[in-house]
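Asks: Sharing a structure here in structure tokens format.
Protein chains: 2
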Amino acid sequence: MALEHAILVSLAEKSATGYDLARRFDASIGYFWKASHQQIYKVLGRMERAGWVEFETVTQDGRPDKKVYGLTSAGRDELGVWTSKATPVEDLRSEFAIKLRALPFGNPTAIVEDVRTRRRVHEERLAYYAKSAARFYPDPDALRPDQVGAWLVLRGGMLAEETALAWCNEILQRLAPEDTDR
Amino acid sequence: MALEHAILVSLAEKSATGYDLARRFDASIGYFWKASHQQIYKVLGRMERAGWVEFETVTQDGRPDKKVYGLTSAGRDELGVWTSKATPVEDLRSEFAIKLRALPFGNPTAIVEDVRTRRRVHEERLAYYAKSAARFYPDPDALRPDQVGAWLVLRGGMLAEETALAWCNEILQRLAPEDTDR
DNA sequence: CCATCATATGCATCTAGTTGCACAGCATCG
DNA sequence: CGATGCTGTGCAACTAGATGCATATGATGG
Numbered sequence: 011m012a013l014e015h016a017i018l019v020s021l022a023e024k025s026a027t028g029y030d031l032a033r034r035f036d037a038s039i040g041y042f043w044k045a046s047h048q049q050i051y052k053v054l055g056r057m058e059r060a061g062w063v064e065f066e067t068v069t070q071d072g073r074p075d076k077k078v079y080g081l082t083s084a085g086r087d088e089l090g091v092w093t094s095k096a097t098p099v100e101d102l103r104s105e106f107a108i109k110l111r112a113l114p115f116g117n118p119t120a121i122v123e124d125v126r127t128r129r130r131v132h133e134e135r136l137a138y139y140a141k142s143a144a145r146f147y148p149d150p151d152a153l154r155p156d157q158v159g160a161w162l163v164l165r166g167g168m169l170a171e172e173t174a175l176a177w178c179n180e181i182l183q184r185l186a187p188e189d190t191d192r
Numbered sequence: 011m012a013l014e015h016a017i018l019v020s021l022a023e024k025s026a027t028g029y030d031l032a033r034r035f036d037a038s039i040g041y042f043w044k045a046s047h048q049q050i051y052k053v054l055g056r057m058e059r060a061g062w063v064e065f066e067t068v069t070q071d072g073r074p075d076k077k078v079y080g081l082t083s084a085g086r087d088e089l090g091v092w093t094s095k096a097t098p099v100e101d102l103r104s105e106f107a108i109k110l111r112a113l114p115f116g117n118p119t120a121i122v123e124d125v126r127t128r129r130r131v132h133e134e135r136l137a138y139y140a141k142s143a144a145r146f147y148p149d150p151d152a153l154r155p156d157q158v159g160a161w162l163v164l165r166g167g168m169l170a171e172e173t174a175l176a177w178c179n180e181i182l183q184r185l186a187p188e189d190t191d192r
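Quick mapping for you: the protein sequence lines, in order, are chains A and B. According to my numbering, the residues represented by the first sequence are 11 to 192, in order. According to my numbering, the residues represented by the second sequence are 11 to 192, in order.
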């Protein structure tokens, strides 16, 4: 039920087409919640029928017509209702953890190799978030009030990637201590 | 596709009924991968048809009959194949992150209250993992080789909870600095 | 005596999300 | 000149997982 609300937030920040939303879900919000354009169109239709959003058809020349969606007052109300309810704490769900448990029954060298790959991915993501942070929030102690939420989300992403990285390093230290792994 | 492999690992450790597996998924493995008994029975059936597991029916008196499942050699092979392939790095997916982005459009006091609740949950989980670690692995520097995987998984859980906790504290420091939040 | 819990297995239904495919025009690159 | 990519919207089929319900027996607790 979170995609609905992710879209509400995104449209609250700025009206957009399904296509625009799909691109936002490839960036910014999408760092923490992925969605395909197919899924977005499907949910937008449902939200429109629920009266949370409405659209205006814009004719373009040279390009396909588009539907620009915006929030209705019911949509804004829903954001108030939703943020007033507690969000259940997510359960951990890591396929990789299962793989670690499979160590005694599987292919340890391949698993170590996998950890190295994963470490690289987390390093890249962390670097990317850090770059975004430096670019959009050069002075974190002087944020505009409307920036605080997005900043905290970015911080969450950085913390998560740092932790994932630290975990990879702990694993490598156990499983391949002979290698210089840092 | 991970539940199959979680079950394979669990059965590799020890043969079990669907009911037993469901209980394991309420504990140990289940800290990192939840599954309902319905889902487990469904997947066990599929795995049996695929030839990865086989069962022996055990008649009991006073209790319902049960099917004790164990790995076939094809099942053991599959664990080898699976651990030889890279596991894609999971995308972050946090409904709570969306809620943070909703700060300017929602109910800030309720959100702060939610963060406090979440902090408590993460504290409890961390304490629980730490207790398990102390109990089952009192000396982490002298683990048996077959314990290393499970230990590393537990470490991953602890790191994740510590990070979630740290994030909550950062958020509270921003949104409710007047409170003593530690 | 009734309710609930533990053991034990499963079906039916629904929803969110993935994957594949379709169509249409313009721009850009080789 | 052909291929690819961008803009733009969507349907169809499928899968994993969640939720609700069914059934059977024995033990325990109020």
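For every residue, glycine included, the Cβ atom is placed at its ideal position computed from N, Cα and C.
Residues of the stretch 131 to 155 of chain B with a CB closer than 8 Å to any CB of chain A: list them in chain order, please.
Replies: Listed by position, the residues of the stretch 131 to 155 of chain B near chain A (Cβ gap below 8 Å) are 131, 132, 155.
Asks: Looking only at its chain, what residues have a beta carbon closer than 8 Å to the beta carbon of residue 186 of chain B, apart from the 5 residues adjacent to it on each side?
Replies: Result list for residue 186 of chain B: 122, in chain order.
Asks: Can you tell which of A/100, A/104, A/99 has its C-alpha closest to the C-alpha of residue 99 of chain B?
Replies: Measuring from the Cα of residue 99 of chain B, the nearest candidate turns out to be A/104.
Asks: Roughly how many whole angstroms lie between the Cα atoms of residue 167 of chain B and residue 160 of chain B?
Replies: Those two C-alpha atoms are separated by around 11 Å.
Asks: Quick one: what's residue 67 of chain B bridged to in DSSP?
Replies: Partner(s): B/77.
Asks: Residue range of the alpha helix (DSSP H) that residue 31 of chain A falls in?
Replies: Where residue 31 of chain A is concerned, the enclosing alpha helix (DSSP H) stretches over 28 to 34.
Asks: Here's the rule: buried if 16 or more other CB atoms are within 10 angstroms of the residue's CB, otherwise exposed. What is residue 11 of chain B?
Replies: Residue 11 of chain B should be labelled exposed.
Asks: What are the uninterrupted segments assigned as alpha helix (DSSP H) that are 4 or more residues long and contained completely in the stretch 107 to 163 of chain B, given in chain order?
Replies: Correct list: 118 to 146.
Asks: With 7 Å as the C-beta to C-beta threshold (strictly closer), list the residues of the stretch 29 to 49 of chain B near chain A in chain order.
Replies: Result list: 39, 41, 42, 43, 44.
Asks: Judging by CA-CA distance, which residue of B/19, B/130, B/43, B/136 is the nearest neighbour of residue 182 of chain B?
Replies: Residue B/130 is the option with its Cα nearest to residue 182 of chain B.
Asks: So if I threshold CB-CB distances at 8 Å, which residues from the stretch 75 to 88 of chain A count as touching chain B?
Replies: Here the close residues are 86.
Asks: Could you tell me which of B/75, B/82, B/49, B/150 sits nearest to residue 60 of chain B, measuring between CA atoms?
Replies: Looking at the Cα atoms, B/82 is the closest of the given residues.
Asks: Report yes if the C-beta distance between residue 97 of chain B and residue 124 of chain A is below 8 Å; otherwise report no.
Replies: Their beta carbons are under 8 Å apart, which means residue 97 of chain B touches residue 124 of chain A by this criterion.
Asks: Tell me whether residue 13 of chain A sits in a helix, a strand or coil according to DSSP, three-state version.
Replies: Three-state DSSP puts residue 13 of chain A in a helix.
Asks: Taking the alpha carbon of residue 146 of chain A as the reference point, which residue from A/180, A/157, A/136 has its own alpha carbon closest?
Replies: Among A/180, A/157, A/136, the Cα nearest to that of residue 146 of chain A belongs to A/157.
Asks: Return the first residue and the last residue of the alpha helix (DSSP H) that residue 52 of chain A is part of.
Replies: It spans 47 to 59 - the alpha helix (DSSP H) in which residue 52 of chain A sits, taken as one unbroken run.
Asks: With a threshold of 8 Å between beta carbons, is residue 188 of chain A in contact with chain B?
Replies: Closer than 8 Å: no.
Asks: Please classify residue 56 of chain B as buried or exposed, where buried requires at least 16 other C-beta atoms within 10 Å of its C-beta.
Replies: With fewer than 16 other Cβ atoms within 10 Å, it is exposed.
Asks: Would you mind working out which of B/189, B/90, B/177, B/49 sits nearest residue 106 of chain B, comparing C-alpha positions?
Replies: If we check each option's Cα against that of residue 106 of chain B, B/177 comes out closest.
Asks: What are the boundary residues of the alpha helix (DSSP H) that residue 9 of chain A is part of?
Replies: There is no way to answer for residue 9 of chain A, as the model of chain A reaches only from 11 to 192.
Asks: Could you work out which residues of chain B lie near residue 120 of chain A, taking near to mean beta carbons separated by less than 7 Å?
Replies: Correct list: 93, 94.
Asks: Grouping DSSP H, G and I as helix and E and B as strand, with all else coil, what is residue 103 of chain B?
Replies: Residue state, collapsed to three classes: coil.
Asks: Please name the residue in B/116, B/163, B/169, B/175 whose C-alpha comes closest to that of residue 39 of chain B.
Replies: Among B/116, B/163, B/169, B/175, the Cα nearest to that of residue 39 of chain B belongs to B/163.
Asks: Three-state secondary structure (DSSP) at residue 97 of chain A?
Replies: DSSP places residue 97 of chain A in coil when its eight states are reduced to three.
Asks: Distance check for residue 66 of chain A and residue 44 of chain B, CA to CA, integer angstroms please.
Replies: So the alpha carbons of these two residues sit roughly 43 Å apart.
Asks: Let me check understanding here. Comparing Cα to Cα, which of B/149, B/111, B/62, B/138 lies closest to residue 171 of chain B?
Replies: Of the candidates B/149, B/111, B/62, B/138, the one whose C-alpha sits nearest the C-alpha of residue 171 of chain B is B/138.
Asks: Can you give the Cα-Cα distance for residue 92 of chain B and residue 165 of chain A, rounded to whole angstroms?
Replies: Approximately 34 Å, taken between the alpha carbons.
Asks: For a contact meaning CB atoms closer than 7 Å, what does residue 97 of chain A contact in chain B?
Replies: By Cβ distance, chain B contributes 105, 106, 109, 124.
Asks: Taking 8 Å as the limit between beta carbons, can you name the residues of its chain near residue 77 of chain A, skipping five residues before and five after?
Replies: Excluding sequence neighbours, residue 77 of chain A sits near 27, 28, 65, 66, 67, 68.
Asks: On the three-state DSSP scale, how would you describe residue 40 of chain B?
Replies: DSSP places residue 40 of chain B in helix when its eight states are reduced to three.
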